[in-house]
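Beneath this line is the structure, given in structure tokens, with notes to follow.
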Amino acid sequence: MIDAVVPRAEDFDEIAGLLALAFHGGVDPELREIERPIFEPERALLVRDGGAAVAHAGAFSRELTVPGATVPAAHVTMVSVAPTHRRRGLLTGLMRRQLREIRDAGREPVAVLWASEGRIYPRFGYGLAAQRYTLSCDTSELRLPEPASVAGTLRLDRPAAHQAELARLYERVRVDRPGWSRRDERWWAYVLADVTGLRGGATERRVLLHEGRDGLDGYALYRTKEEWDRTGPRGEVRVDEVVAGNPAAYQALWRLLLSIDLTRRLSFDRAAVDEPLLWLVNEPRQLGAHVSDALWLRVVDVPAALAARRYAVDVDVVFEVTDDLLPENTGRWRLVGGPTGAQCAASDAPARLGCDVRVLGELYLGGSGLGALAAAGRVRELVPGTVAEVAPAFGWHRAPAPMEVF
Ligand SMILES: CC(C)(COP(=O)(O)OP(=O)(O)OC[C@H]1O[C@@H](n2cnc3c(N)ncnc32)[C@H](O)[C@@H]1OP(=O)(O)O)[C@@H](O)C(=O)NCCC(=O)NCCS
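According to our numbering, the stretch in the sequence shown is residues 1305 to 1710, in order.
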């Protein structure tokens, strides 16, 4: 174990400085004040050398939507090692200790994170649980179907003026979207903060509100960037998030986003891989969808995690799991579950599937196919036919989707 300490709230500035160093960013005073309230010092681990901060890993206590349920999940964040101290095992020590602490606390069966580089975390048992599309398109190439009837109204405003309303809608929608995290008031303030230094030359952020018969049923957060060339306007729409409670609201928001005057391009970095837009536009290829990793998930407590989610169809299977970092997870586990609930306990019965704990992270949100993992050789089929039998249970009717980067 490395010599890490739990920092105090006052150490936040020093930790923010370390992060700026590791991520090659400047220290933005406005951003620092927005991040300070969400920092949880009691969950952080800090390594000092000669008094100076040289390595840090933190976690936020948030709830994550998983197939059919929500679970408390450690949202791992602010991982950084000073360039002078890299490749000496500091990250390894921090990850080991953090996972041990999460496990021993017994509240959170899983941990999730966004990785700066995908190759960093698999060695600690994190699996790629949710992918995303980044969309980048020429809006003049895309058409959406005309609405059958106009069912709602659209208006624009400053996002902060609508925080409570947005939160109510998000709270309603998020329980059906694996991969979305709960936002309390502090998180809403963080998400809606519009740091001047991070606008990338674009306007302030706007909220597009869709109101149906029963009030707000959709919103989009976006900004625009002015641009002209010899042929005329070439402005860009940069979408941050779109949340809709029904298809009419979703279509109305996208219809407007794709047709704002003087803009010709649109980008959206955190679209779901089952983004409904793909099934609405007249030329899906023109969305310029590029697949990328989003959430990485680590199963910290195998039986608690497997029992916490729901399964698309009934399943009864024994897994043989190995976990080098948290040996309590190593062993044979029988999962009996279905659409309304699940149980998981140690078992002496012969295992039908064998895998490393990382595979469970990959399967957990329903975004990776058991068949594909078996074809890759990452899942061992100990009894022939088990993969085909069990795979549908681990899927879900919606793909896990990314929301904000934390
Ligand atoms: C990523 C980072 C935290 C790694 O810290 P570190 O203390 O150097 O990592 P460790 O010494 O514990 O490395 C453990 C292993 O992971 C490997 N590794 C670490 N970072 C890696 C990277 N970026 N790419 C590939 N391998 C990496 C190391 O080579 C080592 O492998 P080995 O045991 O086979 O030699 C550090 O490089 C850093 O701060 N980078 C910039 C900020 C960042 O990307 N943070 C992660 C945010 S999600």
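Built from N, CA and C at the ideal position, the CB exists for glycine as well. Quick caveat, the model's predicted, so the values are computed rather than measured.
If you ignore the 5 residues before and after GLU1367, its C-beta comes within less than 8 angstroms of the C-beta of THR1374, VAL1375, PRO1376, ALA1377, SER1485 and ARG1486, all in its own chain and listed in chain order. DSSP places GLU1334 in the uninterrupted alpha helix (DSSP H) bounded by 1333-1339. Each residue's CA atom was taken as its position, placing ILE1406 and THR1369 some 19 angstroms apart.
DSSP places LEU1325 outside any beta strand (DSSP E); the residue lies instead in the alpha helix (DSSP H), whose first and last residues are 1316-1327.
Contact between the stretch 1459-1466 and the stretch 1511-1518 is present: three or more C-beta pairs spanning the two stretches fall below 8 angstroms. Bridge pairing for GLU1540: LYS1529 and ARG1569 [DSSP]. It is roughly 14 angstroms from the alpha-carbon of ALA1649 to the alpha-carbon of ARG1613. Between the stretch 1386-1398 and the stretch 1320-1328, the count of C-beta pairs closer than 8 angstroms reaches three or more; the two stretches touch. Non-local C-beta neighbours of GLY1635 in its own chain, meaning closer than 7 angstroms and more than five positions away in sequence, comprise VAL1625 and ALA1650, ordered along the chain. Looking at PRO1643, LEU1657 and LEU1557, the one whose alpha-carbon comes closest to that of PRO1449 is LEU1557. Taking VAL1617 as the centre and dropping the five residues before and after it, the same chain places the C-beta of PRO1696 and ALA1697 closer than 6 angstroms to its C-beta, in chain order. Restricting attention to alpha helix (DSSP H) runs no shorter than 4 residues, the stretch 1341-1408 encloses none. Per DSSP, LEU1599 is one residue of the beta strand (DSSP E) stretching across 1594-1603. Ranked by Cα distance from ALA1646, the options ALA1653, ARG1638 and ASP1652 are led by ARG1638.
Pairing GLU1339 with THR1381, the inter-Cα distance amounts to about 12 angstroms. Distances from the alpha-carbon of GLU1489 to those of ARG1472, GLU1421, VAL1479 and ARG1476 put ARG1472 closest. At least one heavy atom of ligand 1 lies less than 7 angstroms from the C-beta of PHE1327.
The distance from the Cβ of VAL1547 to that of TYR1437 is about 17 angstroms, inconsistent with a contact at the 8 angstroms cut-off. Bounds of the alpha helix (DSSP H) holding ALA1468 are 1467-1478. The three-state reading of DSSP puts THR1634 in coil, since its state is none of H, G, I, E or B. At a cut-off of 4 residues, the continuous stretches assigned as alpha helix (DSSP H) that sit fully inside the stretch 1641-1701 are 1661-1668, 1674-1679 and 1690-1698.
If you check the C-beta of THR1396 against ligand 1, you find a heavy atom less than 7 angstroms away. If you look at ALA1493, you'll find it in the alpha helix (DSSP H) that goes 1489-1496. Check the Cα spacing between ALA1361 and each of PRO1333, ASP1332 and ARG1401: the tightest is with ARG1401. Shown here, VAL1619 sits in a strand according to DSSP, grouped into three states. Residue GLU1318 holds the alpha-carbon nearest to the alpha-carbon of ALA1356 among ALA1348, GLU1318, ARG1589 and GLY1681. Shown here, ALA1433 sits in a strand according to DSSP, grouped into three states.
Here the alpha carbons of LEU1525 and PRO1537 stand approximately 22 angstroms from one another. With 16 or more other CB atoms across the displayed protein chains lying within 10 angstroms of its CB, SER1672 is buried.
Contact between the stretch 1659-1679 and the stretch 1599-1608 is established, with three or more Cβ pairs separated by less than 8 angstroms.
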